[in-house]
Amino acid sequence: MLQNYYQQVKLPSGQVHVYAGPELFAALDYKVFELANNNLQIPNQVYMGYTPDVHVGVGTCIGTTAVWNVEDGYVSPSIVGSDIGCGMRVHLTNLHKDELKDVKLRRKLVKAIEKYLPMEEHGRGHFSDIRLEHVVKKGLHGLPKKYIPDAYTPRKATSLTHVESSKFYVEGGALGLFPERVWHRSHRQLGTLGGGNHFAEIQAIEIPEENREIAEAWGLTDGQVVIMIHSGSRAWGGSVSQYCSSNMTKMMKAEGLGTADPKLVFAPLAHELGKDYVELMYSALNYAVVNRHLIAYAIREAGKDVFGSKFEMSTLYDLMHNYAWEEEHDGHSYFVHRKGATRALPAQHPDNPEPYKETGHPALIPGSMGSSSYIMVGKPGGRDNYHSICHGAGRIRSRSASKRLITVEEFAASMRVGMEDEIVLNQRSLESMVDESPQAYKDVDQIIESVVGAGLAEVVAKCKPLATVKGA
DNA sequence: ATGTAC
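In this note's numbering, the protein residues as written are 102 to 573.
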């Protein structure tokens, strides 16, 4: 049974472990194996895995788990990708989907969100009480207390405890490398979604029978309205990536390091440039988690405007799908890269944050526009893939091809425009978002089926969109 | 995904 969802592919430079059902495996672009072969030319690699939503990226595929030993390992900005710390966050509300049946109320809520959540960089003076230096050095712990409304008692400290990581240690030496304009722009981009597939969504959840106990332990109920956020580290992460990649490229030339792909950049963990990159990458992970936190803060304000002070929005979880860090597996320390891959730890795994020790933590998987997203939990079988599962649907058409091939009418139909159950969008033209139409992506349900079939994770809740807010 | 240069 299990082998139907797993293939070991032998390539000239090594092997890649592919988790995908037969149909998805057969449909993979041969280029994903070319990229795997290049990645496997980086020295000392211990493991490389692909998730069922794998697709071609720059230098490395989205859907990659790449692992080294800490002692003789390598770090690659190309494998992490340029949206460092990009990830997902879900908040639970005390609303039921029936309370949002009226399309006019959904419109009102989206309007309120647009008022509090800036779509572009905001003007000077906004968040002037937040110090960017504290944010990138200390993550959520660098925010003034007023932005952590539920942090005053240990039991209710959900914003700080229900996250994959609330703080990465950043000494700060390498921070001096960035020009003033990057600091300025990044401060003004705090709490903004950004473009592409990033979104904030109002969703209603459905709980399948098999994991009802876990759902209850997490506070999930049938028909409950949740807020899902998908965003990253904006210009800050992009600058880290660009700066470190260009320095590493020079070093690689000088030292004769490299693979068949000049765009695949890497350095030994022990090298000065490797250490600089890890520290700066951590600053971007800090930025990303704070960015998602502030987006949630804005949406909470909007919710209170529409539903009054009784509106609640507790944090279920915040986790990343573009990052690299040290992890223990079976007592050994590894340096694990995840690009478009989500960690999903099973029950009792020691790396679960305290509130999720017994059950495993929520693994959050976004769907494409108009389609469902998922809240999953890891299973012990995930160990074989270093506990990595998918990160979403996976693109099947480039942005340019999507704009050429998908009509606005097709896109509008998928968003049920004009129907009573229309998925309400914020004020942007449909034309400008056609490249995010579900027809540009694989079917997320099929991806999830592969993840479950392979024994990596299971579904705890399916989240259906009621309203979607996209950035600029 | 993103900023910037073409």
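For glycine and all other residues, C-beta sits at the position ideal for the given N, C-alpha and C.
Bear in mind that the values here come from a model prediction, so they are computed numbers and not experimental data.
Cross-strand partners of residue i (DSSP beta bridge)
i: Phe58; result: The displayed coordinates of the chain run from 102 to 573. Any statement about residue 58 would go beyond what the structure contains.
i: Gln325; result: His197
i: Asp419; result: Arg190
i: Phe134; result: According to DSSP, Phe134 bridges with nothing at all.
i: Ser229; result: Paired residue(s): none; Ser229 is not in a bridge.
i: Met414; result: Thr194
i: Lys565; result: Ala305
i: Ile490; result: Thr443
i: Ala425; result: His438
For residue j and residue i, believed in contact at Cβ under 8 Å, the rounded distance
i: Ala305; j: Val271; result: Actually they do not touch by this definition, with Cβ atoms about 38 Å apart.
i: Met421; j: Cys187; result: 7 Å
i: Arg439; j: Ser489; result: 6 Å
i: Val390; j: Asp419; result: 6 Å
i: Ala399; j: Leu218; result: 4 Å
i: Ala445; j: Val478; result: 7 Å
i: Asn423; j: Asp184; result: 6 Å
i: Ala368; j: Met382; result: Actually they do not touch by this definition, with Cβ atoms about 12 Å apart.
i: Leu370; j: Gly174; result: 5 Å
i: Val535; j: Val509; result: 6 Å
Spatial distance of residue i from residue j (CA atoms)
i: Cys345; j: Val407; result: 45 Å
i: Gly150; j: Val560; result: 21 Å
i: Ala541; j: Gly158; result: 15 Å
i: Ala513; j: Ala568; result: 14 Å
i: Ala258; j: Val264; result: 11 Å
i: Gly115; j: Asp154; result: 21 Å
i: Glu532; j: Gly295; result: 18 Å
i: Thr262; j: Pro456; result: 7 Å
i: Gly273; j: Cys491; result: 33 Å
i: Asp362; j: Asn139; result: 6 Å
i: Pro481; j: Pro447; result: 6 Å
i: Gly409; j: Ala555; result: 45 Å
i: Ser472; j: Lys543; result: 11 Å
i: Asn527; j: Glu302; result: 11 Å
i: Arg335; j: Lys216; result: 21 Å
i: His285; j: Lys571; result: 23 Å
i: His450; j: His197; result: 33 Å
i: Tyr106; j: Gly122; result: 4 Å
i: Ala226; j: Thr293; result: Before going on, a small fix: residue 226 reads as Gly here, not Ala. About 15 Å.
i: Lys111; j: Arg484; result: 21 Å
i: Gly324; j: Val147; result: 44 Å
i: Ala425; j: Glu314; result: 32 Å
i: Gln109; j: Glu172; result: 26 Å
i: Phe228; j: Gly320; result: 32 Å
i: Asn348; j: Phe300; result: 32 Å
i: Lys132; j: Val181; result: 19 Å
i: Leu506; j: Ile549; result: 26 Å
i: Glu311; j: Asp522; result: 28 Å
Unbroken alpha helix (DSSP H) run spanning residue i, endpoints
i: Ser515; result: 509-515
i: Asp546; result: 545-554
i: Gly375; result: 373-408
i: Arg439; result: Note, Arg439: premise wrong, no alpha helix (DSSP H); beta strand (DSSP E) at 433-440.
i: Lys209; result: 204-217
i: Val86; result: For the chain, the structure presents residues 102 to 573; residue 86 sits outside this window and is missing.
i: Thr259; result: 259-262
i: Ala316; result: 313-318
i: Pro180; result: Per the sequence shown, residue 180 should be read as Ile rather than Pro. Note, Ile180: alpha helix (DSSP H), 178-181.
Residue span of the beta strand (DSSP E) that contains residue i, given as start and end
i: His242; result: Looking at the DSSP string, His242 is not in any beta strand (DSSP E), and its letter there is neither H nor E.
i: Pro44; result: Since the first residue shown for the chain is 102 and the last is 573, residue 44 is missing from the structure and cannot be characterised.
i: Gly164; result: 163-170
i: His285; result: Run containing His285: none in the beta strand (DSSP E); it sits in the alpha helix (DSSP H), 281-290.
i: Ala464; result: 463-466
i: Leu506; result: First-last for Leu506: 500-506, but that is the alpha helix (DSSP H), not the beta strand (DSSP E).
i: Thr152; result: 146-156
i: Val119; result: 115-120
i: Val110; result: 107-112
Cβ pair residue i, residue j closer than 8 Å
i: Val236; j: Asn387; result: yes
i: Gly160; j: Ser179; result: yes
i: Ser538; j: Ser503; result: yes
i: Lys268; j: Lys239; result: yes
i: Leu201; j: Ser551; result: no
i: Thr416; j: Ser260; result: yes
i: Ala275; j: Asp377; result: yes
i: Met189; j: Leu557; result: no
i: Ala397; j: Ile328; result: yes
i: Ile524; j: Pro467; result: no
i: Thr575; j: Phe412; result: It is not possible to answer for residue 575, since the shown part of the chain is limited to 102 through 573.
i: Ala562; j: Ile308; result: yes
i: Val168; j: Tyr435; result: yes
i: Leu395; j: Leu241; result: no
Residue i: CB within 7 Å of a non-hydrogen atom of the ligand FMN
i: Asp130; result: No copy of the ligand FMN occurs in the structure displayed, which carries no ligand at all.
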